[in-house]
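Asker: Position one of the sequence shown corresponds to residue 65 (this note's numbering), numbered consecutively onward. C-beta: ideal position from N, C-alpha, C; glycine also. Keep in mind the model is a prediction, meaning the values are calculated, not measured. Just passing along the structure, written as structure tokens.
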Amino acid sequence: MVPVSIQVRQALSKLVLPVLLLMSVGIIIAGQADRPLADRARMRVADVLAPFWNLLSRTQTDSERLVHGLKEARNLSEENHRLSVENANLRRWYEVAVSLARENDALKTELHWVPEPTPAFVTGRVVADSGGIYARAVLLVAGTSSGVQTGNIALAANGLAGRVTEVGAHAARILLITDIASRLPVELESSHATAIMVGDNSPLPRLLYYSQDTRPIEGERVVTSDQAGAFPSGIPIGSVHYLHPGQPVVQPFARLDRLTMLRVFDFGQSEIEPPEAPGHVPLTRPHRALTLPFKTLLGPGQEG
């Protein structure tokens with residue numbers, strides 16, 4: 065290399081920018097003077113530099129893939145560790161569940177437990193209800209031909225949806241728990257209190273007729289009660305929520321506004337008949353006078 069003094073280097077560094085500007089202006093002028101020549105020169109330069117640009121682009125893409133792969137590997141390592149911990153916890157709970165199930169079976173055997181019959185059910189597709197006397201009801205594509213009967217209970221994936229009120233050969237109308245005609249006896253799990261859940265055509269049914277000594281607790285689960293004999297006990301419905309002080313409502317677990325499939329269960333509540341009590345006297349037929357027309361009961365001169 066030819067030794068260059070510092071002053072010359074400084075002078076050359078100051079001349080680089082002006083020289084580049086002059087070359088750029090010269091190239092622009094030459095391109096305007098002879099446009100075909102400039103286009104051919106530009107294309108030749110592009111052809112020469114294309115492999116280098118391709119190499120740079122591939123290098124950048126490979127680098128991004130490598131960085132993304134390293135990030136994914138780190139995320140997979142963290143996910144693997146989390147799943148290992150969760151799997152260990154689930155295995156412990158599985159062992160506890162198996163132990164409790166064996167203990168439960170042993171106790172049922174000692175007590176000569178009579179198991180309850182498994183309810184029969186059918187699953188059907190929900191379609192829009194185009195008529196009927198109810199504001200909150202749906203039609204199920206399943207009827208008497210599938211075993212559906214009036215009074216059967218309809219369950220969604222997360223909880224109680226309603227009850228069958230009308231049934232045809234291939235369709236059934238289900239009254240939802242949010243309809244104004246719906247009245248259900250319910251039980252509050254935490255406070256062990258009973259109440260009546262009343263629909264009002266809004267998404268949140270109200271809780272009425274509960275004991276003033278055991279008010280509903282915010283967030284506690286609401287399940288069905290078997291007091292009226294229409295529902296089996298323990299079917300999950302929703303949780304308690306207070307819209308205003310002293311006004312508890314139920315947030316249903318089931319998404320009643322997005323029902324697509326429902327299961328209709330026949331719990332056979334009406335088939336359970338209590339034995340007659342000792343000394344039970346059957347009711348006699350009403351007196352004949354009670355079947356007479358209203359005017360006859362009033363008597364002559366009292367029709368006004």
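State the DSSP-derived secondary structure class of Val231, mapped to helix, strand or coil.
Answerer: In the structure shown, Val231 sits in a strand (DSSP, three-state: E or B).
Asker: Does the beta carbon of Arg155 come closer than 8 angstroms to any beta carbon on chain C?
Answerer: Looking for chain C here will not work: only one protein chain is present.
Asker: Compute the beta-carbon to beta-carbon distance between Ile299 and Val287, rounded to the nearest angstrom, for a pair I have assumed lies under 8 angstroms.
Answerer: Confirmed, Cβ separation roughly 6 angstroms.
Asker: Is the beta carbon of Ile244 sitting closer than 8 angstroms to the one on Ala199?
Answerer: Contact: yes.
Asker: Using only the alpha-carbon positions, how far apart do Thr123 and Leu130 sit?
Answerer: Rounded to whole angstroms, Thr123 to Leu130 spans 10 angstroms at the Cα level.
Asker: Residues in the same chain with beta-carbon distance under 8 angstroms from Glu253, minus the five sequence neighbours each way, listed in chain order, please.
Answerer: Taken in chain order, the residues that qualify are Glu284, Arg285, Val286, Val287.
Asker: Quick check: what's the CA-CA separation for Gly310 versus Ala257?
Answerer: Looking at the two C-alpha atoms, the distance is approximately 16 angstroms.
Asker: Return the CA-CA distance between Arg108 and Ala114, expressed in angstroms with no decimal places.
Answerer: Straight-line Cα distance between these residues: approximately 10 angstroms.
Asker: In three-state terms, what does DSSP make of Ser121?
Answerer: If DSSP states are grouped into helix, strand and coil, Ser121 belongs with the helices.
Asker: Can you give the beta carbon distance from Leu320 to Thr229, rounded, assuming they're within the 8 angstroms contact cut?
Answerer: With a Cβ gap of about 16 angstroms, Leu320 and Thr229 do not count as contacting.
Asker: Using 8 angstroms as the cut-off, can you tell me whether the stretch 323-330 makes contact with the stretch 218-235, which would need three or more C-beta pairs spanning the two stretches below that distance?
Answerer: Yes, the stretch 323-330 touches the stretch 218-235.
Asker: Just to confirm my understanding: we take Gln276, look at its own chain, exclude 5 residues before and 5 after, and list those with CB closer than 6 angstroms. What are they?
Answerer: So no residue of the chain qualifies.
Asker: Counting only the same chain and skipping the five closest in sequence on each side, list residues whose C-beta sits under 6 angstroms from that of Lys135.
Answerer: There are no such residues.
Asker: Look at the Cβ atom of Arg227, then the Cβ atom of Gly211, and state whether they are nearer than 8 angstroms.
Answerer: The answer is no: Cβ separation not under 8 angstroms.
Asker: Starting from Val250, follow the beta strand (DSSP E) in both directions and report where the run begins and ends.
Answerer: Counting along the chain, the beta strand (DSSP E) containing Val250 begins and ends at 247-252.
Asker: Can you list, in chain order, the residues of its chain with a C-beta nearer than 6 angstroms to that of Ala318? Leave out the 5 residues immediately preceding and following it.
Answerer: The answer, listed in chain order, is Ala220, Asn222, Gly223, Ala225.
Asker: I'd like to know whether the C-beta atoms of Phe331 and Pro183 end up nearer to each other than 8 angstroms.
Answerer: Closer than 8 angstroms, so yes.
Asker: Who are the near neighbours of Leu79 in its chain, counting only those whose CB is closer than 6 angstroms to its CB and skipping five residues on each side?
Answerer: Once the five neighbours on either side are set aside, Leu79 has no close Cβ partner at all.
Asker: Please list, in chain order, all residues of the same chain as Leu248 whose beta carbon is under 6 angstroms from its beta carbon, the five residues on each side excluded.
Answerer: Excluding sequence neighbours, Leu248 sits near Met261.
Asker: Pull the bridge partners of Ser303 from the DSSP assignment, please.
Answerer: Ser303 is bridged to Arg285, Gln315.
Asker: Tell me which residues share the same chain as Ala192 and place their Cβ nearer than 8 angstroms to its Cβ, disregarding the 5 neighbours each side in the sequence.
Answerer: Result list for Ala192: Val202, Leu203, in chain order.
Asker: Taking all protein chains shown into account, do 16 or more other C-beta atoms lie within 10 angstroms of the C-beta of Ala353, making it buried, or fewer, making it exposed?
Answerer: Annotation note: pLDDT 41 at Ala353 (below 50); position unreliable, coordinate value reported separately. Ala353 comes out exposed.
Asker: When we look at the beta-carbon of Ser77 and count the other beta-carbons within 10 Å, is it buried (16 or more) or exposed?
Answerer: Ser77 is exposed by the Cβ-count criterion.
Asker: Looking at Gln315 and Leu268, is the spacing between their C-beta atoms short of 8 angstroms?
Answerer: In this structure, Gln315 lies closer than 8 angstroms to Leu268 by Cβ.
Asker: Below 8 angstroms between beta carbons: does that hold for Ser289 and Ser297?
Answerer: In contact: Ser289 and Ser297 (Cβ atoms closer than 8 angstroms).
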